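Residue numbers (our numbering): 16 to 360.
The C-beta atom is built at its ideal place from N, Cα and C for all residues, glycine as well.
A quick note: this is a predicted structure, and the numbers were derived from the prediction, not measured.
Beneath this line is the structure, given in C-alpha cells, with notes to follow.
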Amino acid sequence: MSQELVGNFYDKDSDDFSSIVKNLGGEISANYQFSYRSPRMLRDGTRRFVRVALQGEAATDAAQYVAPWFITASSRQEAGRGDESPFAPQKALDGDPATAWFPSEVGMANNEWLHCALPTPRTIAKVTVVAPQGFSFSDKNNVTLSLDGGDDLLGTRSKDGALLTFDLEKPVPVQKLHFDLRASSGSRLGIADINAYFPDGGLIPELAAHRISASAKESAKDINDRGEKAYHAGKLGESVDLYLSVIAKDPESAQAYSNLGLSYWKMKKYPESIAANRSAIALGKQQGNLAVMASSYYNIAKTFEEQKEYKQALMNFWWAQKTMPKPVYEKAIQRMNTLIAKDAE
C-alpha cells in the first residue's frame, strides 16, 4: 500500500516524523529516514505546519488537500487546542468575517505578529487587513505591514475602522508579508482576514484557494446530501462522483472528504479511502470539526483492520477515541489489542 501512497503527504496530527512515516510505510517504516531543521531559533511552545514531500514511482498525491502551511503567528488564543483553536492563524485566510486570528493573551497584543511566507514571490499592488467583528482599527490599536523584511508600512483606515488598506507605490514582487499588532495596554486585537492583490485586482492564488462563496457552499451541501442518499442506496460509484463534485466546488469540505473515504472503503479501494480520510482529518482539524476527524480516523482504522494490519488499525482507533470518545472506538481498541496479542503467540 505504501507504494500507492507516495507523493505529497500532509499530516497535522503527528508530533514527530516517525508517526508520519508509519502512516505511509506501515511496518516497513524502518526503511525510511527523515531529518528536519527548524527555521525557528527557539522552541516557543507553538506548533507550525510542516509539508512533507515523498518521491516514489507512482508520483501521485496521498492527500488531495494542502493546508495553509505558509501562515504562522507569534501565538494564538486557546493555544492548548493547537490547530483546532477557533483563533488559529489560518482563520485569517478563510474570507469569513466571523472568524479571526487572535493572539494568546489580552494586553500583550503589542508584541504579537502574523507572518505569511508565500511558496513563490507574487507581484502585489495592494494589501488589506480586516478587523474582527466587533473590533476596529484606530491610532492606538493598529496593524503595520512589512514586505520581505522592509520598513513597517502604515495603512489607510476606512471610516468605520474595520479595514486597513496598504496601497503600494508600485507593484513589487513579494514573498514574505509580516503583520505586527500595535495595541494599547490591556486591549485585545486580532485579524479577521488578510488580502493581497495583483495589479489587475485579483486575489493572489495562495489566499484565493482557501476561500469560497456562501452560494457555492450551499450548492456543495446539496450535492453532498445527494451523495449520501446514493451511498445508502448502494450506488457507490454514483456517490463517489457526487462527493468529488462537492470537493470541486468546496475544496475545504471535510465532510465530503470523509464521505468519499467511506465510499472508497466500501468499494475496497483502500489507498484512495485512506487518502480521502487523511484530507478530511487535516481539514477537520483546521476547522475544529471533531466529529469528522474521529469518524475519519475510524474509517482508516477499519481499512487497516480488514487487511489484518492490526497495529496500524490500533493506532487509528486510538486517535478516534482520543478525538471524540465513544464506546464503539473503545471496543475496537480492545479488539485490536486481543488480535495483536494472538499474533504474538
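In terms of Cβ geometry, serine 268 and valine 261 form a close pair [threshold 8 Å]. Counting along the chain, the unbroken beta strand (DSSP E) around serine 161 starts and ends at 157-162. Around the C-beta of valine 343, fewer than 16 other C-beta atoms lie within 10 Å, and the residue is accordingly described as exposed. Note on leucine 277: 16 or more other CB atoms within 10 angstroms of its CB, so buried under the neighbour-count rule.
In the structure shown, proline 342 adopts helical secondary structure according to DSSP, grouped into three states.
Between leucine 257 and isoleucine 238, the beta carbon gap of about 5 Å places them in contact (Cβ cut-off 8 Å). Here glutamate 127 is buried: its Cβ has 16 or more other Cβ atoms, across all protein chains shown, within 10 Å.
Boundaries of the alpha helix (DSSP H) around leucine 305: 305-321. Per DSSP, isoleucine 206 lies in no alpha helix (DSSP H) and is assigned neither H nor E. Apart from the 5 residues on each side of it in sequence, leucine 108 sits with its Cβ closer than 8 Å to the Cβ of Pro83, Ile86, Asp208, Ile209, Leu222, His225 and Arg226 in its chain, given in chain order. In the three-state DSSP reduction, aspartate 111 falls in the coil class, being neither helix nor strand. Nearest Cα to tyrosine 212 within the set Tyr312, Val189 and Asn157: Val189. Bridge pairing for aspartate 195: Trp128 and Thr159 [DSSP]. Take threonine 114, set aside five residues on each side of it, and the residues of its chain with a beta-carbon closer than 8 Å to its own are Pro101, Lys106 and Ala207, in chain order.
Here leucine 275 is buried, its C-beta having at least 16 other C-beta atoms within 10 Å. Per DSSP, the continuous alpha helix (DSSP H) segment holding isoleucine 296 begins and ends at 285-302.
By the Cβ neighbour-count rule, asparagine 156 is buried, with 16 or more other Cβ atoms within 10 Å of its own. The Cβ atoms of lysine 264 and alanine 245 lie no closer than 8 Å to each other. Under the 10 Å beta carbon count, asparagine 352 is surrounded by fewer than 16 other beta carbons and is classified as exposed.
Spatial neighbours of glutamine 92 in its own chain (CB-CB distance under 6 Å, excluding positions within 5 residues in sequence) are listed in chain order as Phe102, Phe117 and Ser119. Only buried fits proline 104, as 16 or more other CB atoms lie within 10 angstroms of its CB.
For isoleucine 262, the enclosing alpha helix (DSSP H) covers residues 251-264. By the Cβ-count criterion, alanine 328 is buried, with 16 or more other Cβ atoms from all chains shown falling within 10 Å of its own Cβ. Sequence-distant Cβ neighbours of asparagine 292 in its own chain, meaning closer than 6 Å and more than five residues away, are Gly276, Ser311, Asn314 and Ile315.
For alanine 88, DSSP records a beta bridge to Leu129. Per DSSP, reduced to three states, the secondary structure at alanine 140 is strand. In this structure, leucine 192 and leucine 169 do not form a Cβ contact; the two beta carbons are roughly 15 Å apart against a cut-off of 8 Å. Bridge partners of alanine 245 according to DSSP: none are assigned. Counting only residues of its own chain and dropping the five nearest sequence neighbours on each side, aspartate 182 has a CB closer than 6 Å to the CB of Lys141.
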